[in-house]
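These notes concern the structure reproduced below.
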Amino acid sequence: MLPAYSQQRLQPHLGFQVSTLGALNVGVYEGAATLAELKRYGDFGLGTFEGLDGEMVVLNGKVYQIKTDGAAYRVVDTVRTPFAAVTFFRRGRSLRWTGQLTYQKLQQQINEQLPTPNLPYAIRLQGTFPYLKVRSVPKQTPPYLPLNDVVRQQQRVFELRNVRGTLVGFRLPQFLKSVNVAGYHFHFITSDFKAGGHLLDGEFLNPVVDMEMLRDWQMMLPNNIAFEQASLE
Ligand SMILES: [Zn+2]
């Protein structure tokens with residue numbers, strides 16, 4: 000199932016994703032790759048698990064699952080993902096600001112520093128965060144509801160204050176919007192790896208932003224009936 004190039008040495012600055020956001024949006028939650036397969040393409044990233052079973056954080060080569068109790072769990076390599084994006088993170092630039100910024104302001108500030116908006120970036124923020132609003136979603140059973148319905152009806156939201164940890168994410172160009180989240184997408188994990196979630200909002204004090212510009216973006220398309228029969232944009 001894995002393409003042959005996975006056995007070769009990966010080129011640097013490669014982003015890799017499993018399936019498409021469009022497929023996840025219409026409820027294709029069937030696993031398309033194992034975590035063992037995903038880890039061949041990166042040690043840093045985010046996603047979800049088969050059945051939309053919570054939020055995935057990949058950090059330093061370890062995969063964490065944040066469930067709807069807000070807690071983070073380690074996951075075995077045989078678990079499958081219907082959607083994930085990873086890279087082997089190598090810090091290029093670090094940007095820093097002083098003072099407190101909203102999430103929206105932080106995005107604007109990073110945007111102003113980008114060499115180009117037309118390449119993907121892997122982004123890491125480490126530190127203490129005054130406020131983070133994160134969420135997770137519960138495991139679904141077939142027939143699967145569309146992602147928006149699950150989020151609207153079933154997401155669990157957590158507000159964290161003065162919390163230490165790492166935001167793991169990407170900023171992707173607008174032209175990738177049918178295959179992934181265009182713009183910023185972060186998942187959070189606390190420094191004790193016990194809690195986290197998909198970032199909805201936050202306040203940032205003296206943020207330091209580590210970034211890597213990615214030069215390639217590869218996709219693994221699912222080998223399953225659900226993907227083949229889905230009505231995809
Ligand atoms: Zn997310």
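Every letter in the sequence shown is one number past the one before it in numbering that gives the first Met the number 0, and letter 149, counting from 1, is 148.
Backbone N, C-alpha and C fix where the C-beta goes; we use that ideal spot for every residue, glycine too.
| Check | Outcome |
| --- | --- |
| Any non-hydrogen atom of ligand 1 closer than 8 Å to L45 Cβ | yes |
| CA-to-CA distance, V207 to D68, given in whole angstroms | 29 Å |
| Nearest-angstrom Cβ-Cβ length linking S135 and E232, presumed shorter than 8 Å | Not really, about 25 Å apart at Cβ, beyond 8 Å. |
| N- and C-terminal bounds of the alpha helix (DSSP H) containing N147 | 146-153 |
| C-alpha gap between F87 and G98, whole angstroms | 30 Å |
| N-terminal and C-terminal residue of the alpha helix (DSSP H) that A225 is part of | 224-228 |
| Local Cβ density within 10 Å of V156, reported as buried at 16 or more and exposed below that | exposed |
| Given D215 as reference, the closest of G46, R90, A83, A121 once Cα atoms are compared | A121 |
| Close-in-space but distant-in-sequence residues of the same chain around G21 (CB under 6 Å, 5 per side omitted) | S177, L231, E232 |
| C-alpha gap between A83 and Q107, whole angstroms | 25 Å |
| Contacts around Y102, its chain only, beta-carbon distance under 8 Å, and the 5 residues preceding and following it disregarded | L198, D200, G201, E202, F203 |
| Beta-bridge pairing of Q16 - partner residues as DSSP gives them | A84, M218 |
| V74 beta carbon near ligand 1 (any heavy atom closer than 8 Å) | no |
| Contact check, K132 vs L100, beta carbons under 9 Å | no |
| Paired residues, beta bridge with S135 - DSSP | R155 |
| Enclosing alpha helix (DSSP H) for E111 [first to last residue] | 102-112 |
| Three-state secondary structure (DSSP) of Q10 | coil |
| heavy atom of ligand 1 below 8 Å from V27 C-beta | no |
| Integer Cβ distance of L240 from T189, believed to fall under 8 Å | Residue coverage of the chain in this structure runs from 0 to 232, which leaves residue 240 outside it and unanswerable. |
| V180 beta carbon near ligand 1 (any heavy atom closer than 8 Å) | yes |
| CA nearest to the CA of Q10, picked from R89, G168, N179, L220 | R89 |
| Distance, G41 Cα to A3 Cα | Because A3 sits at a pLDDT of 49, beneath the cut-off of 50, its placement in the model cannot be relied upon, and the point is left open. |
| Coil, strand or helix - A277 by DSSP | Outside the shown range of the chain (0 to 232) lies residue 277, about which nothing can therefore be said. |
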